[in-house]
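Q:
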Amino acid sequence: MRIVLLGPPGAGKGSLAAVIKEMMDIIHISSGDILREEMKKGSKLGLEIKGLVEKGALVSDELITKLVEQKVSEDPKLSKGFALDGFPRTTHQAQELDHILAKLGKPLDFALCMDASLKVILTRLTGRRVCRNCGALFHIKTKQPKKPNLCDLCGGELYQRGDDNEDTIRKRMQVYEISTKPIIDYYAAQGKLKRINADRETEQVRSDLIKMLNEDKSYQNQKSSRN
Ligand code: ADP
Numbered sequence: 004m005r006i007v008l009l010g011p012p013g014a015g016k017g018s019l020a021a022v023i024k025e026m027m028d029i030i031h032i033s034s035g036d037i038l039r040e041e042m043k044k045g046s047k048l049g050l051e052i053k054g055l056v057e058k059g060a061l062v063s064d065e066l067i068t069k070l071v072e073q074k075v076s077e078d079p080k081l082s083k084g085f086a087l088d089g090f091p092r093t094t095h096q097a098q099e100l101d102h103i104l105a106k107l108g109k110p111l112d113f114a115l116c117m118d119a120s121l122k123v124i125l126t127r128l129t130g131r132r133v134c135r136n137c138g139a140l141f142h143i144k145t146k147q148p149k150k151p152n153l154c155d156l157c158g159g160e161l162y163q164r165g166d167d168n169e170d171t172i173r174k175r176m177q178v179y180e181i182s183t184k185p186i187i188d189y190y191a192a193q194g195k196l197k198r199i200n201a202d203r204e205t206e207q208v209r210s211d212l213i214k215m216l217n218e219d220k221s222y223q224n225q226k227s228s229r230n
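Residue numbering for the sequence shown follows our numbering, beginning at 4 and increasing consecutively.
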């Protein structure tokens, strides 16, 4: 299955991608993680990226497309499929993705748009904490770690992302409205759009997704050919 996850920051694309990865044994590619890896290196490119990300702005279409293409085509598990989270974020990126997938002969199955409201997004993101080591997600109120500031899974240190403060979140939302929302129409025109109410808890979103997939013929076909 080849899936794109769309939706505003804080809609839960990363959390749902992890669920999808587990369910379908496909790879999860997060453009935000790719950029944060580059930022961690402290290279000239990493510093340039950091400047943009911490302002809530987008990096260039050319750069992110190149980085994602590298990651997608390098992965030995690509043939099983992928869940792309955070990419595409502009219509140009969506067109580029279609070209890349056409070259590989592996078109997208569907784009899943996760709809979430600003109030929910602000609560989720201002309280979000991330493991520096394995990337697991926690929340200061709704998903506290067992030991303060330490990851339950690997014991790594938890930190708050530089762009998870209220001012930057509002800026990221504006960028989403202007640059990313038009992609919803792009996929609707291709007949590939599915939508889900992402204001609800991850468990509920997960069961909505399972219900949706059970009604999807191409998913059922792929599932039976795997078994
Ligand atoms: P979120 O979805 O919560 O905003 P991400 O981790 O996906 O978080 O992205 C963090 C930041 O990385 C974005 O605000 C943006 O600056 C940059 N970024 C991620 N993906 C892209 C992309 N496809 N195009 C341009 N910039 C991107």
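By construction, the Cβ of each residue, glycine as well, lies at the ideal position given by its N, Cα and C atoms.
(1) How far does the alpha helix (DSSP H) with Met117 in it extend, from its first residue to its last?
(2) Over what stretch of residues does the alpha helix (DSSP H) that includes Val75 continue unbroken?
(3) Quick one: Cα of Ile124 to Cα of Glu169, how far?
(4) Sorry if obvious, but does the Cβ on Phe90 come closer than 6 Å to a heavy atom of the ligand ADP?
(5) Give the range of the beta strand (DSSP E) segment to which Ser33 is assigned.
(6) With H, G and I counted as helix, E and B as strand and the rest as coil, what does DSSP make of Lys146?
(7) Is it true that the CB of Asp166 sits closer than 7 Å to the CB of Val56?
(8) Just to confirm, is the Cβ distance from Gly89 to Ser34 under 7 Å?
(9) Would you say the beta carbon of Ile67 comes nearer than 6 Å to a heavy atom of the ligand ADP?
(10) Does DSSP put Asp88 in a helix, in a strand, or in coil?
(11) Classify Leu8 as helix, strand or coil using the three-state DSSP reduction.
(12) Go through its chain and collect everything with a Cβ distance to Ile187's Cβ below 6 Å, but skip five positions before and after it.
A: So, from the data block:
(1) As a first step, residue 117 must be located in the sequence shown, where it is residue number 114. Looking at the DSSP string, Met117 is not in any alpha helix (DSSP H); the run it does join, the beta strand (DSSP E), is 113–118.
(2) For the purposes of this step, residue 75 is taken as residue 72 along the sequence shown, with counting starting at 1. Residues 64–77.
(3) Counting from 1 along the sequence shown, the entry for residue 124 is found at position 121. Counting from 1 along the sequence shown, the entry for residue 169 is found at position 166. Rounded to the nearest angstrom, the two C-alpha atoms are 10 Å apart.
(4) In the sequence shown, the residue the question calls residue 90 occupies position 87. Remark: the C-beta of Phe90 is in contact range of the ligand ADP, defined as less than 6 Å to any heavy atom.
(5) Here residue 33 is taken as the residue at index 30 of the sequence shown, counted from 1. 30–33 is the extent of the beta strand (DSSP E) around Ser33.
(6) As a working note, residue 146 is residue 143 in the sequence shown. In this structure, Lys146 counts as strand in the three-state DSSP scheme.
(7) What you label residue 56 is simply residue 53 of the sequence shown in a count that begins at 1. What you label residue 166 is simply residue 163 of the sequence shown in a count that begins at 1. Their beta carbons are under 7 Å apart, which means Val56 touches Asp166 by this criterion.
(8) The residue given as residue 89 occupies position 86 in the sequence shown. The residue given as residue 34 occupies position 31 in the sequence shown. It is a contact, given that the beta carbons lie within the stated cut-off.
(9) Counting from 1 along the sequence shown, the entry for residue 67 is found at position 64. Between the ligand ADP and the CB of Ile67, the shortest heavy atom gap is smaller than 6 Å.
(10) Sequence index remark: in the sequence shown, residue 88 carries index 85 (1-based). DSSP, reduced to helix, strand and coil, places Asp88 within a strand of the structure shown.
(11) Numbered from its first residue, the sequence shown carries residue 8 at position 5. The three-state reading of DSSP puts Leu8 in strand, counting E and B together.
(12) As a position in the sequence shown, residue 187 is number 184, starting the count at 1. Close CB contacts of Ile187 within its chain, under the 6 Å cut and outside five residues either way in sequence, are with Cys116 (chain order).
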